[in-house]
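**Q** What follows is a structure written as structure tokens; I'll ask about it next.
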Amino acid sequence: MKYGHLILTNLFRKKTRTALTAGSFAVALFLFGILAVVRGAFQQGVDVAGADRLVVVNRVSIIQPLPLAYRDRLARIPGVTQVTFANWFGGVYQDERNFFPQFAIDRETYRQMYPEFVIPDDQWQAFLGDKEGAVVGAALAERFKWKLGDRIPIKGTIFAGSWEFNVRAIYKGRRVQDDETQFWFRWDYLDERKQFRKGNVGWYTVRIDDPDSAVRVVKAIDEQFANSPAETKTDTEKAFAASWVKQMGNIELLITTIGSVVFFTLLLVTGNTMAIAVRERTRELAVLKAVGFSDGFVLVLVIAETVVVAAVGGGVGLGLAKLFTLRGDPTGGLLPFFYLPASAIASGLALALVVGLLAGILPAFSASRLRIVDALRRI
Amino acid sequence: MGPSGSGKTTLLNLLGGLDVPSEGSVTVAGDEITRMSARKLTAWRARHVGFVFQMYNLIPVLTAFQNVELPLLLTGLSKAERRRHVETALTVVGLTDRMRHYPRQLSGGQEQRVGIARAIVADPTFLLCDEPTGDLDRRSADEVLDLLGRLAGEYGKTILMVTHDPLAAERAQVVLHLEKGVLVDTVTAGRAR
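Protein chains in written order, with this note's numbering: chain P, 25 to 403; chain S, 28 to 220.
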């Protein structure tokens, strides 16, 4: 670290310029952090999908139902070990802005199918014993300050009418990325009250004995129901979640494009700033070389200055992004998984360092190649 | 000595390994520096040469202490050893009370003395001084010349100095006159040859 003060004093000679350059990195890395959060929010369903679960929907569209009678036929298909089903409800709690996903679930099988959601046994029993019972995610309960025993009125939009539920259980995810914003209630209650399509479900989820046999089981399921009034389309849970993301547009491409433009601009701005800084110090760099510092040392010195600015600015930006995410989803439920993981922070820092390195290379190279006598002649 | 454009600074640069001749070779104290690789020449310069510039060329964002310490960063000396060497060099030039000052807080003469301290701190074989009094008033110039005289007399340093100043030249043991790149006269202790 005996050269540390050389780097720092050079950076602090033009405090405003250094602050602005570091600020550019901070803004870019803040944006990177937020983009990573948004990407993660959209990808969350894909990331947490079970490798051994398949989703069976109506071939025409997911909004078309499937008969309840398919449950037993699915269970008999070789490779299928478990079957559950659910229905999208789509109700409104108090205000349309209070969006959260509501599912009517099969009370007998749903919990076993999704062991990543942890529910205390006594609460689950209370749910099973109450036809109007509901299970809510911990984040959802926190958002609306719900507690066990609260009565929740929800206005049906697909299934018209005023529905009321009793909070009987609160689930938590085992992993940080598990969605804790869902609202479940009993499918039998929905089927009993709804006025149309009785005896139908929204989709099935089946567990298979071996993820490697997914292709075979998918084919077997869809063949089983081919040429029936309700043909099926089966996918792995991961592919199913990914298809949802794709419906909203190519998020990945959008984020990559925005990120690339921002970082390329940052590279040019920082490179130009460092080139100016080197030009201003031509004589000093020549003196360093005259007293015995090598070309390589000058090269590393200039690059180190850029990398330090990049690291500090990038760190500040990512820190601010992390702080921003700690406040939770700002969209009111559209991005339930609003979280900046450590891996994204590490990637952001690495990216900042790489940009810093690239931005510093050309000015550093020209500094290292300075001819001492030429540089000393300049005024 | 010599008129502008006579090649004084070029000669100094060649001797210090800052420049390379378009033809011929340069041998300094037995080392043919024109045959050295860039890396080797840099190391040779760090070991054998101390530069004193007309414009002082101190790093403005470093204190006098830090400027003098620069050549020592290239050595394996510990921080405490470096401090001792720097303080010794600053004592020799009479600036121990200014070691925490930045160049902008020093007078021209003091800046040049810091430059000399930087040149001698690593105990080089010889000093190359390019018009060291060219930017100073008479009094400061005399102080600097006195200092260089002491370095030669008391510390046995070999000093090669380019100057336009006849008073500075008077103090030299040998005066070389250049014109248009040619050595035209050599004067040793007042005797022309």
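We treat Cβ as the ideally placed atom computed from N, Cα and C, and that holds for glycine.
1) Could you tell me the boundaries of the beta strand (DSSP E) in which tryptophan 227 of chain P lies?
2) Per DSSP, tyrosine 195 of chain P is paired with what?
3) Taking only beta-carbon atoms, is lysine 39 of chain P less than 7 Å away from chain S?
4) On the premise that glycine 136 of chain S lies in contact with serine 105 of chain S, defined as a C-beta separation below 8 Å, what is that separation, rounded to the nearest angstrom?
5) Of all the CB atoms in chain P, is at least one closer than 7 Å to the CB of phenylalanine 92 of chain S?
6) Quick check on the DSSP output: what are the complete alpha helix (DSSP H) runs of length 4 or more inside the segment 88-140 of chain S, in order along the chain?
7) For methionine 25 of chain P, does the three-state DSSP call read helix, strand or coil?
8) Within a Cβ cutoff of 7 Å, which residues of the same chain sit near leucine 7 of chain S, ignoring the five residues on either side of it in sequence?
9) Distance, Cα to Cα, aspartate 319 of chain P vs leucine 400 of chain P?
10) Taking 7 Å as the CB-CB limit, is aspartate 46 of chain S close to chain P?
11) In angstroms with no decimal places, state the Cα-to-Cα distance between proline 235 of chain P and aspartate 76 of chain P.
12) Run through chain S and tell me which residues come within less than 7 Å of serine 318 of chain P, C-beta to C-beta.
13) Run down chain S in chain order and give the residues with a C-beta less than 7 Å from the C-beta of glutamate 308 of chain P.
14) Across the segment 103-113 of chain P and the segment 129-144 of chain P, are there enough close Cβ pairs to call them in contact, namely three or more that are closer than 8 Å?
15) Taking tyrosine 27 of chain P as the query, report the chain S residues whose CB atoms sit under 7 Å from its CB, ordered along the chain.
16) So, do the segment 148-163 of chain S and the segment 74-81 of chain S have three or more beta carbon pairs nearer to each other than 8 Å?
17) Just to make sure I have the definition right: I need the residues of chain S whose C-beta is within less than 8 Å of the C-beta of valine 331 of chain P. Which are they?
18) Can you say whether aspartate 146 of chain P is buried or exposed, counting buried as having 16 or more other CB atoms within 10 angstroms of its CB?
19) Excluding five sequence neighbours on each side, which residues of the same chain lie with their C-beta closer than 8 Å to the C-beta of valine 142 of chain P?
20) Straight-line CA distance for aspartate 353 of chain P to threonine 289 of chain P?
21) Taking C-alpha atoms, which residue in P:Gly180, P:Asn82, P:Phe49 lies nearest to aspartate 259 of chain P?
22) Taking Cβ positions only, does phenylalanine 153 of chain S come closer than 7 Å to chain P?
23) Roughly how far, in whole angstroms, is the beta-carbon of alanine 383 of chain P from the beta-carbon of threonine 294 of chain P, given that I think they are within contact range, below 8 Å?
24) May I ask you to list, following chain order, the residues of the segment 100-133 of chain S that have a beta carbon less than 9 Å from some beta carbon of chain P?
25) What residue does the beta strand (DSSP E) around phenylalanine 78 of chain S start on, and which one ends it?
26) Can you look up proline 139 of chain P in the DSSP assignment and give me helix, strand or coil?
27) Which full runs of the alpha helix (DSSP H) of 4+ residues lie inside the segment 65-132 of chain P, going along the chain?
28) Considering only residues of the same chain and omitting the five flanking positions on each side of glycine 212 of chain S, which have a CB-CB separation below 6 Å?
29) To the nearest angstrom, how far is it from the Cα of arginine 220 of chain S to the Cα of leucine 100 of chain S?
30) At 4 residues or longer, and completely inside the segment 166-202 of chain S: list those alpha helix (DSSP H) runs for me, N to C.
31) Under 8 Å Cβ-Cβ, which residues of chain S neighbour asparagine 34 of chain P?
32) For the beta strand (DSSP E) containing proline 177 of chain P, name the first residue and the last one.
33) In whole angstroms, what separates the C-alpha of alanine 193 of chain P from that of phenylalanine 168 of chain P?
34) Step through the CB atoms of chain P and report whether any lies within less than 7 Å of the CB of leucine 38 of chain S.
35) Anyone know if the C-beta pair for phenylalanine 54 of chain P and alanine 345 of chain P falls short of 7 Å?
36) Contact between the segment 204-211 of chain P and the segment 151-163 of chain P: three or more CB pairs below 8 Å?
**A** A quick look at the data gives this:
1) Locating residue 227 of chain P in the first sequence gives position 203, where the first residue counts as 1. Residues 227-232.
2) Translated into positions along the first sequence, residue 195 of chain P becomes position 171. For tyrosine 195 of chain P, which the question treats as bridged, DSSP gives the partners P:Gly161.
3) To locate residue 39 of chain P, count along the first sequence from 1; it is residue 15. Chain S, which has no Cβ nearer than 7 Å to the Cβ of lysine 39 of chain P, makes this no.
4) In the second sequence, counting from the first residue as 1, residue 105 of chain S sits at position 78. In the second sequence, counting from the first residue as 1, residue 136 of chain S sits at position 109. At roughly 32 Å, the Cβ-Cβ gap does not stay under 8 Å, so serine 105 of chain S and glycine 136 of chain S are not in contact.
5) Stepping through the second sequence from its first residue, residue 92 of chain S is reached at position 65. No, phenylalanine 92 of chain S does not count as interfacial toward chain P.
6) 91-96, 106-119
7) Stepping through the first sequence from its first residue, residue 25 of chain P is reached at position 1. Methionine 25 of chain P: coil per DSSP, three-state reduction.
8) This structure cannot speak to residue 7 of chain S, because chain S is shown only from 28 to 220.
9) Here residue 319 of chain P is taken as the residue at index 295 of the first sequence, counted from 1. Here residue 400 of chain P is taken as the residue at index 376 of the first sequence, counted from 1. Each residue's alpha carbon lies about 16 Å from the other.
10) Here the question's residue 46 of chain S lines up with position 19 in the second sequence. Yes, its Cβ sits closer than 7 Å to a Cβ of chain P.
11) Here the question's residue 235 of chain P lines up with position 211 in the first sequence. Here the question's residue 76 of chain P lines up with position 52 in the first sequence. Those two C-alpha atoms are separated by around 5 Å.
12) Numbered from its first residue, the first sequence carries residue 318 of chain P at position 294. Simply Arg66, Thr69.
13) Start at 1 with the first residue of the first sequence, and residue 308 of chain P comes out as number 284. Near glutamate 308 of chain P (Cβ distances below 7 Å), the residues of chain S are Ile86.
14) yes
15) Counted from its first residue, the first sequence places residue 27 of chain P at position 3. Here the neighbours are Leu100.
16) yes
17) In the first sequence, counting from the first residue as 1, residue 331 of chain P sits at position 307. The premise fails here: valine 331 of chain P is roughly 19 Å from chain S at the closest Cβ pair, so nothing lies under 8 Å.
18) Working through the first sequence from its first residue, we reach residue 146 of chain P at position 122. With fewer than 16 Cβ atoms within 10 Å of its Cβ, aspartate 146 of chain P is classed as exposed.
19) Start at 1 with the first residue of the first sequence, and residue 142 of chain P comes out as number 118. Once the five neighbours on either side are set aside, the close Cβ partners of valine 142 of chain P are Tyr195, Lys196, Gly197, Arg198.
20) Position 329 of the first sequence, counted from the start, is the residue given in the question as residue 353 of chain P. Position 265 of the first sequence, counted from the start, is the residue given in the question as residue 289 of chain P. Cα to Cα, the separation comes out at about 29 Å.
21) As a first step, residue 259 of chain P is located in the first sequence; it is residue number 235 there, counting from the start. Closest option to aspartate 259 of chain P, Cα to Cα, is P:Asn82.
22) Within the second sequence, numbered from 1, the residue matching residue 153 of chain S stands at position 126. Not one chain P Cβ lies under 7 Å of phenylalanine 153 of chain S.
23) As a position in the first sequence, residue 383 of chain P is number 359, starting the count at 1. As a position in the first sequence, residue 294 of chain P is number 270, starting the count at 1. With a Cβ gap of about 4 Å, alanine 383 of chain P and threonine 294 of chain P count as contacting.
24) Leu100, Leu101, Lys106, Arg109
25) For this step, residue 78 of chain S is matched to residue 51 along the second sequence. 76-79 is the extent of the beta strand (DSSP E) around phenylalanine 78 of chain S.
26) Position 115 of the first sequence, counting from 1, holds the residue named residue 139 of chain P. Three-state result, proline 139 of chain P: coil.
27) 94-99
28) One-based indexing of the second sequence puts residue 212 of chain S at position 185. Looking at the sequence itself, residue 212 of chain S is aspartate, so the reference to glycine does not match. Cβ neighbours of aspartate 212 of chain S beyond the five flanking positions: His204.
29) Here residue 220 of chain S refers to the residue found at position 193 when the second sequence is read from its first residue. Here residue 100 of chain S refers to the residue found at position 73 when the second sequence is read from its first residue. Bear in mind that a pLDDT of 39 at arginine 220 of chain S, under 50, signals an unreliable position, so the number given afterwards is only what the model happens to contain. Their backbone Cα atoms lie some 43 Å apart in a straight line.
30) 193-197
31) Numbered from its first residue, the first sequence carries residue 34 of chain P at position 10. Going along chain S in sequence order, the residues near asparagine 34 of chain P (Cβ under 8 Å) are Val88.
32) On the first sequence, residue 177 of chain P is found 153 positions in, with the first residue counted as 1. Element bounds for proline 177 of chain P: 175-180.
33) Along the first sequence, one-based indexing puts residue 193 of chain P at 169. Along the first sequence, one-based indexing puts residue 168 of chain P at 144. Cα-Cα distance, rounded: 15 Å.
34) The sequence position of residue 38 of chain S within the second sequence is 11, counting from 1. For leucine 38 of chain S, the answer is no, since every Cβ of chain P falls outside 7 Å of its Cβ.
35) By one-based count along the first sequence, residue 54 of chain P stands at place 30. By one-based count along the first sequence, residue 345 of chain P stands at place 321. Yes; because the gap between Cβ atoms is below 7 Å, this pair is in contact.
36) yes
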